[in-house]
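K.L.:
Okay, handing you the structure first.
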Amino acid sequence: MKIDDLLSSIEPEAVGRDIYQLIKEIYPFGRSITGDGVRRTLDILKQYIPLEIHEIPSGTEVFDWTIPKEWNIKDACVKNSRGERIIDFQTSNLHVVSYSIPINRIMSLEKLKQHLHTLPDHPDWIPYRTSYYKETWGFCLSHNQFLNLEDEQYEVFIDSSLKEGHLTYGEYCLQGETSDEVLISCHSCHPSLCNDNLSGVALSAILGKYMKALSLRYSYRFLFIPGTVGSIAWLYTNENRVPRIKHGMVLACLGDRGKSTYKRSRRGNAEIDRAAAHVLKHSRSDYEVVDFIPYGYDERQYCSPGFNLPVGCLMRTPHGRYPEYHTSADNLDLVRPESLADSFLKCLKIFQILEGNRKYRNRNPRCEPQLGKRGLYGALGGQQDAVADQMAMLWILNLSDGSHTLLDIAYRANMDFRTILAAADALRDKGLLEENKE
Amino acid sequence: MKIDDLLSSIEPEAVGRDIYQLIKEIYPFGRSITGDGVRRTLDILKQYIPLEIHEIPSGTEVFDWTIPKEWNIKDACVKNSRGERIIDFQTSNLHVVSYSIPINRIMSLEKLKQHLHTLPDHPDWIPYRTSYYKETWGFCLSHNQFLNLEDEQYEVFIDSSLKEGHLTYGEYCLQGETSDEVLISCHSCHPSLCNDNLSGVALSAILGKYMKALSLRYSYRFLFIPGTVGSIAWLYTNENRVPRIKHGMVLACLGDRGKSTYKRSRRGNAEIDRAAAHVLKHSRSDYEVVDFIPYGYDERQYCSPGFNLPVGCLMRTPHGRYPEYHTSADNLDLVRPESLADSFLKCLKIFQILEGNRKYRNRNPRCEPQLGKRGLYGALGGQQDAVADQMAMLWILNLSDGSHTLLDIAYRANMDFRTILAAADALRDKGLLEENKE
Amino acid sequence: MKIDDLLSSIEPEAVGRDIYQLIKEIYPFGRSITGDGVRRTLDILKQYIPLEIHEIPSGTEVFDWTIPKEWNIKDACVKNSRGERIIDFQTSNLHVVSYSIPINRIMSLEKLKQHLHTLPDHPDWIPYRTSYYKETWGFCLSHNQFLNLEDEQYEVFIDSSLKEGHLTYGEYCLQGETSDEVLISCHSCHPSLCNDNLSGVALSAILGKYMKALSLRYSYRFLFIPGTVGSIAWLYTNENRVPRIKHGMVLACLGDRGKSTYKRSRRGNAEIDRAAAHVLKHSRSDYEVVDFIPYGYDERQYCSPGFNLPVGCLMRTPHGRYPEYHTSADNLDLVRPESLADSFLKCLKIFQILEGNRKYRNRNPRCEPQLGKRGLYGALGGQQDAVADQMAMLWILNLSDGSHTLLDIAYRANMDFRTILAAADALRDKGLLEENKE
């Protein structure tokens, strides 16, 4: 099955439901950049795609960075003087600052406050905080709860461990005809936060599941990695594979109600950038394409100047631009099956362009070939599609001088890539085009 | 006489009248892509320019195409049961589908209707239809007449012939100083339709007549050819001449009330494209410059990727954008002498740029030369023209580094080419410029 | 002291006062393109900077030009029949057309009128007129006075001399680390006109005074020259030095209330053009950047095609765009200390960019280096400056591939150059950047 067939057979509702269900399933796990929460998550994903699990030992040097100690947590709470667990890790893993060191102590409210984090502007939400590279501890809670804390002694308890261990990530390479690769990368290090980035994790897994059976031109490499240190570790341990990456996208924040946003690679005009912009432009819904900036997700690493890979980032509302970002309100209500399905289809359409994009050479370059005698004109009477198909053929014949790709032609003709692709297939089948593989 | 002198001596009213009269004279002939209607038309044009007539035999292969059989028609009609010629070729040659095969038969209204063409949206107009490459027959009529046809037996009669013969076209090469050529191409295959394209045919002939006596830098080649197959045949039989074509325009639809439209060549930034855009921009009337698309007139062939000639298309309202297009309403009322004269002058002004455009080298490139001591400053007192002339001189001196043409300078200075040309002539005459012929 | 230190220590009010005072001091002198008025002016400037005075003899050929005779004037007036000096050089040196030949004659009003110049649109103002290259004489007066002249005999008296002498100009080269030069050029040939161009003259002198003590990368060459013939003479006599000029600005009309205007060099995208545009853009006040045109001040000569130097022009309201231009109303009321100080600071900020602009190479080009472990992250808590500094570091690391300058990065990041410069210094000090001197 080709990707074109997949696209015409797919049921958006079913896909949206599948992705949403997977998010729901992995939502409760307490993930961080290392630890068992990640392992449990990857185990679930294995039900969808044959994931290979990698473990990199703490202390391993990866470029300028070092794999940190592994962090695990069993329980944590703050108890008031009546022994009540008033801040309780069991009710939300966001309550504990990620990478908090173990502690078990009684302290005054004043002392405790130095370790409490709240969001005064959103007094009902619990913030999400981490401290990966500085050993400390802390609790997060709603500002309203914070305001009601009484001036008494509190028992602070965190049953965590920070020890030599491993950084865990998942990898799935879907083999295509060639060893040229398309990279799909998502960060899987956030705890119970849905849009950022269980949406990217679940969507990538379901993408892999649906694409598994396809006959593909490119190989597709799916990475489920902790943010920053994960992509750095992968790049470090796979430097020999890096030149194979011809296109790539970081997938994040794909389930909210916002419009689709594509952030260009550092190159700015890579094929993936033009393919993604084309799909968004022809999606008949609002969208935004933004330039690369060296802040965001793992595209920061893929696009560092020593790699400068053609890797962009597909999102809906970008990180930091929606109020629920990095709070307990980024929950199962924020992400919607419809948005997830829409993002999923856009990914597939982008891949469809990558799969189908080629440079052809018009074999009758002097004057137009006579299309009528080859049955290439649509039925008389001027049906809309027939007119578009004929224009697509004329554009392809005119621009197929060996230097324009079909995507170039789609842009120049201002037509959907799929119309151009279908017309090119028809012309090639009649012997009017030959591929320019240079 | 130089083209500059012609432009200053020309009387627009007289030119408009001349072109209009010629349209009127050739309007009645029943032209098609082959046949005697074309021959009669070219015979008339010979009264204006020394046209060479070419005849290419049916069956000749020209690139991917074959010269079709020659079609001629003497008479045609549909008679009702009372023997009345209710659809009559003698009243309008549009009534018969071009290239209709001969027929003489009685048939029911139901059968006849399969061969009738109307325009329901313009119920009083007769459409123009052709069937060059599929042997069939048909009649065109107004939709109102069609609705009134009674359900009876009709005698259908077409006295046409479709036989081995020739494709006929006219060619006139006006020799200039160099063998570099400017191509002017118009399609002469439409029957009684005025704007499309007797306007182009008549305007080209009158252009040739007025330019005959000029002393010209370029040679100007005028082609009067049937659309598509005519330009293909010319390109095929003149492949050795093609490299001489340095600039060119297809002339079509030049007589309606609409604003001038220039369609760029496939190259998009050829000298002809910039010259035409410059003339339209400085014409003080509304205009449009549009990008090349591989649909339209014979620029499709000239701009096929194997030739990629710098040939654009000058029109007023483009084909298909005015309701009368390809109907009996494209008649002598649609075209106006004023529009024809305006189009004619724009052609001449475009040629004036081609003739005058050169690269100069400032012979005093270090600092400005002193213009005052050479009498190159206008009268004191700041007359508007003197200021413009001085600015033109300063621009030319500043940009004549051997890489900018006068047209480049006109664009950069945002001044009319003629002001720049006059200033350059003055500077050159004082020895301040030398031509860079590289 | 570095230019950065100067900029942070400078007091705008004091600078504005200094420049204004200097203008006031040299305002009364009767300057022209040659003569003692220029010498007196340069003598005053010597109190600020160690000016070298050059004298080029009349008759010297400089490219296409010849150094004119030297013009001096002691007195001039027009007396009425009652012997009253009704037009009196002693009250304003603008009353006499510059380069007027000596005369002493009685004549009728009718004859006299042929030598009188007024401004009917501004009837109270005296125009400024010159006749350098045509030997004649004339008086300028207000139109109101002109209208009141009685029809009688007038005594016309000009005690001027036009003899073999010299063209005088001042030059100051402030030596930097390298022999690469920044050219600062101002025309010093106008008599009692403040904005055009005592503002440029005085501002340049005070710039030199303030910069004298700096430790600079570039050498700065200040030219105080008569317009046109002065820059031509300098270029002619310094052709060997011209290749050292890496950047430059003509300074003129810098004291009026108008917004700052930068006119690009002929190159259009030279470093000086981008530096000046950057400073104006980040100045938080209205501004304009305009393309080069071959009219204006001495940039006409520096940007002639044989030199094509990267020299722009910094102004406030450009010449000819304010009504007081070249009239007696361009006086001490038109220029303001605030505007002068603002122009001065913009010059320094432009030089700061030239001084600080470099290409770096990220020494950890593969993935981001870990900034945290080097203490390069600002205090936690998200202060605005800390966020900007971090973004600046990420931009520099991402774009420092050896091809982008810091100014390129400032543009791409849309951040003030100074923020980028400070971040680059911090990164370089931590060993994360090395300069690419290629």
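Residue numbers (our numbering), protein chains in the order written: chain A, 1 to 438; chain B, 1001 to 1438; chain C, 2001 to 2438.
We put the CB at the ideal spot given by N, CA and C, even for glycine.
As the structure is a computational prediction, the values presented were derived from the model and not from experiment.
Is it true that the CB of residue 2399 of chain C sits closer than 8 angstroms to the CB of residue 2409 of chain C?
P.N.:
Residue 2409 of chain C sits at position 409 when you count from the first residue of the third sequence. Residue 2399 of chain C sits at position 399 when you count from the first residue of the third sequence. Yes.
K.L.:
Flag this pair as touching only if the segment 253-264 of chain A and the segment 321-339 of chain A have three or more C-beta atom pairs under 8 angstroms; answer yes or no.
P.N.:
At 8 angstroms Cβ cutoff, the stretches touch.
K.L.:
List, in order along the chain, the chain C residues whose C-beta lies closer than 7 angstroms to that of residue 232 of chain A?
P.N.:
Reading the first sequence from its first residue, position 232 is the one you call residue 232 of chain A. In chain order: 2367.
K.L.:
Note the first and the last residue of the continuous beta strand (DSSP E) segment covering residue 402 of chain A.
P.N.:
As a position in the first sequence, residue 402 of chain A is number 402, starting the count at 1. Per DSSP, residue 402 of chain A belongs to the beta strand (DSSP E) from 401-405.
K.L.:
Sort out for me which residues DSSP pairs residue 2028 of chain C with in a bridge.
P.N.:
Here residue 2028 of chain C is taken as the residue at index 28 of the third sequence, counted from 1. Answer by DSSP bridge pairing: none, since residue 2028 of chain C is not bridged.
K.L.:
Does residue 1139 of chain B pass the burial test, meaning 16 or more other C-beta atoms within 10 Å, or should it be called exposed?
P.N.:
Walking along the second sequence from the start, residue 1139 of chain B turns up at place 139. Result: buried.
K.L.:
Show which residues of chain C have a CB atom less than 9 angstroms away from the CB atom of residue 1170 of chain B.
P.N.:
For the purposes of this step, residue 1170 of chain B is identified with residue 170 of the second sequence, where counting begins at 1. The contacting residues do not exist; residue 1170 of chain B stays about 48 angstroms from chain C at best.
K.L.:
What do you get for residue 2379 of chain C, buried or exposed, if any count of 16 or more other CB atoms within 10 angstroms of its CB means buried?
P.N.:
Position 379 of the third sequence, counted from the start, is the residue given in the question as residue 2379 of chain C. Per-residue confidence for residue 2379 of chain C stands at a pLDDT of 38, beneath the threshold of 50, marking its modelled position as unreliable; no derived number is given.
K.L.:
Between residue 334 of chain A and residue 194 of chain A, is the Cβ-Cβ spacing less than 8 angstroms?
P.N.:
Within the first sequence, the letter at position 334 stands for residue 334 of chain A. Within the first sequence, the letter at position 194 stands for residue 194 of chain A. Against a cut-off of 8 angstroms, the Cβ pair of residue 194 of chain A and residue 334 of chain A comes out as a contact.
K.L.:
Relative to the C-alpha of residue 1411 of chain B, which candidate in B:1364, B:1353, B:1431 has its C-alpha closest?
P.N.:
Position 411 of the second sequence, counting from 1, holds the residue named residue 1411 of chain B. It is B:1353.
K.L.:
Rounded to whole angstroms, how far is the Cβ of residue 2280 of chain C from the Cβ of residue 2200 of chain C, which I believe are closer than 8 angstroms?
P.N.:
Your numbering for residue 2280 of chain C matches position 280 in the third sequence. Your numbering for residue 2200 of chain C matches position 200 in the third sequence. The pair is not a contact, with the Cβ atoms about 17 angstroms apart (cut-off 8 angstroms).
K.L.:
For residue 2163 of chain C, does the count of other Cβ atoms within 10 angstroms reach 16, so buried, or fall short, so exposed?
P.N.:
For the purposes of this step, residue 2163 of chain C is taken as the residue at position 163 of the third sequence. With fewer than 16 other Cβ atoms within 10 Å, it is exposed.
K.L.:
Counting only the same chain and skipping the five closest in sequence on each side, list residues whose C-beta sits under 6 angstroms from that of residue 1252 of chain B.
P.N.:
Here residue 1252 of chain B refers to the residue found at position 252 of the second sequence. The answer, listed in chain order, is 1197, 1200, 1297, 1315.
K.L.:
Mind checking the segment 1058-1083 of chain B against chain A and listing, in chain order, the residues whose C-beta falls within less than 9 angstroms of any C-beta there?
P.N.:
Here the close residues are 1062, 1063, 1064, 1065, 1066.
K.L.:
Out of B:1044, B:1093, B:1109, B:1120, which has the shortest C-alpha to C-alpha gap to residue 1224 of chain B?
P.N.:
Looking up residue 1224 of chain B in the second sequence gives position 224. Minimum Cα distance to residue 1224 of chain B is reached at B:1044.
K.L.:
With burial defined as no fewer than 16 other Cβ atoms inside 10 Å of the residue's Cβ, what is the status of residue 2067 of chain C: buried or exposed?
P.N.:
Indexing the third sequence from 1 puts residue 2067 of chain C at position 67. Classification of residue 2067 of chain C: buried, given that the 10 Å Cβ count is 16 or more.
K.L.:
Which runs of the beta strand (DSSP E) fall wholly inside the segment 2009-2091 of chain C and span at least 3 residues, in chain order?
P.N.:
The qualifying runs are 2052-2057, 2070-2079, 2085-2088.
K.L.:
Residues in the same chain with beta-carbon distance under 6 angstroms from residue 413 of chain A, minus the five sequence neighbours each way, listed in chain order, please.
P.N.:
Position 413 of the first sequence, counting from 1, holds the residue named residue 413 of chain A. So the list reads 395, once near-sequence residues are dropped.
K.L.:
What does the Cβ neighbour count give for residue 329 of chain A, buried or exposed, with the cut at 16 atoms within 10 Å?
P.N.:
Here residue 329 of chain A refers to the residue found at position 329 of the first sequence. It counts as buried.
K.L.:
Just checking: is the beta-carbon of residue 1401 of chain B within a distance shorter than 8 angstroms of some beta-carbon in chain C?
P.N.:
As a working note, residue 1401 of chain B is residue 401 in the second sequence. Yes - at least one Cβ of chain C is within 8 angstroms of the one on residue 1401 of chain B.
K.L.:
Can you tell me whether DSSP reads residue 2159 of chain C as helix, strand or coil?
P.N.:
Reading the third sequence from its first residue, position 159 is the one you call residue 2159 of chain C. Strand, per DSSP.
K.L.:
Would you call the segment 2229-2245 of chain C in contact with the segment 2260-2280 of chain C, where contact means no fewer than 3 C-beta pairs closer than 8 angstroms?
P.N.:
Short answer: they don't touch.
K.L.:
Run through DSSP, which three-state label would residue 1296 of chain B get?
P.N.:
For the purposes of this step, residue 1296 of chain B is identified with residue 296 of the second sequence, where counting begins at 1. Of the three classes helix, strand and coil, the one that applies to residue 1296 of chain B here is coil, per DSSP.
K.L.:
Who are the near neighbours of residue 426 of chain A in its chain, counting only those whose CB is closer than 6 angstroms to its CB and skipping five residues on each side?
P.N.:
Taking the first residue of the first sequence as position 1, residue 426 of chain A is located at position 426. No residues qualify anywhere along the chain.
K.L.:
Leaving out five residues on either side along the sequence, give the residues of the same chain with a beta carbon under 6 angstroms from the beta carbon of residue 12 of chain A.
P.N.:
Along the first sequence, read from residue 1 onward, the residue named residue 12 of chain A stands at position 12. So the qualifying residues of the chain are 341.
K.L.:
For residue 1001 of chain B, count neighbouring C-beta atoms within 10 Å of its own C-beta (all shown protein chains included) and say buried if the count is 16 or more, exposed if not.
P.N.:
The residue given as residue 1001 of chain B occupies position 1 in the second sequence. Answer is exposed; the Cβ neighbour count stays below 16.
K.L.:
What are the boundary residues of the beta strand (DSSP E) that residue 1263 of chain B is part of?
P.N.:
Locating residue 1263 of chain B in the second sequence gives position 263, where the first residue counts as 1. Segment 1260-1263, the beta strand (DSSP E) holding residue 1263 of chain B.
K.L.:
Ends of the beta strand (DSSP E) at residue 251 of chain A?
P.N.:
For the purposes of this step, residue 251 of chain A is taken as residue 251 along the first sequence, with counting starting at 1. Unbroken beta strand (DSSP E) run through residue 251 of chain A: 245-251.
K.L.:
What is the rounded straight-line gap between the Cα of residue 2030 of chain C and the Cα of residue 2349 of chain C?
P.N.:
Here residue 2030 of chain C is taken as the residue at index 30 of the third sequence, counted from 1. Here residue 2349 of chain C is taken as the residue at index 349 of the third sequence, counted from 1. Roughly 33 angstroms separates the two Cα atoms.
K.L.:
Determine which residues of the segment 2266-2294 of chain C have a Cβ less than 9 angstroms from any Cβ of chain B, and write them out in chain order.
P.N.:
Cβ contacts with chain B come from 2266, 2291, 2292, 2293, 2294.
K.L.:
Measure the CB-CB distance between residue 2171 of chain C and residue 2051 of chain C and report whether it falls below 8 angstroms.
P.N.:
If you number the third sequence from 1, residue 2171 of chain C lands on position 171. If you number the third sequence from 1, residue 2051 of chain C lands on position 51. Cβ atoms of residue 2171 of chain C and residue 2051 of chain C: closer than 8 angstroms.
K.L.:
Whole angstroms are fine: how far does the CA of residue 318 of chain A sit from the CA of residue 2185 of chain C?
P.N.:
What you label residue 2185 of chain C is simply residue 185 of the third sequence in a count that begins at 1. What you label residue 318 of chain A is simply residue 318 of the first sequence in a count that begins at 1. Cα to Cα, residue 2185 of chain C sits roughly 50 angstroms from residue 318 of chain A.
K.L.:
Short of 6 angstroms in beta carbon distance, which residues of its chain neighbour residue 2357 of chain C, apart from the five on each side in sequence? Order them along the chain.
P.N.:
The residue you call residue 2357 of chain C lines up with position 357 of the third sequence. Correct list, in chain order: 2405, 2406, 2407.
K.L.:
At a Cβ threshold of 8 angstroms, is residue 370 of chain A touching chain C?
P.N.:
Taking the first sequence and counting its residues from 1, one reaches residue 370 of chain A at position 370. It does not; no Cβ of chain C falls within 8 angstroms.
K.L.:
Counting only Cβ pairs nearer than 9 angstroms, list the residues of chain A close to residue 2391 of chain C.
P.N.:
If you number the third sequence from 1, residue 2391 of chain C lands on position 391. Per Cβ cutoff of 9 angstroms: 293, 294, 295.
K.L.:
Which word fits residue 1276 of chain B, buried or exposed, when buried means at least 16 other C-beta atoms lie within 10 angstroms of its C-beta?
P.N.:
The residue given as residue 1276 of chain B occupies position 276 in the second sequence. It counts as buried.
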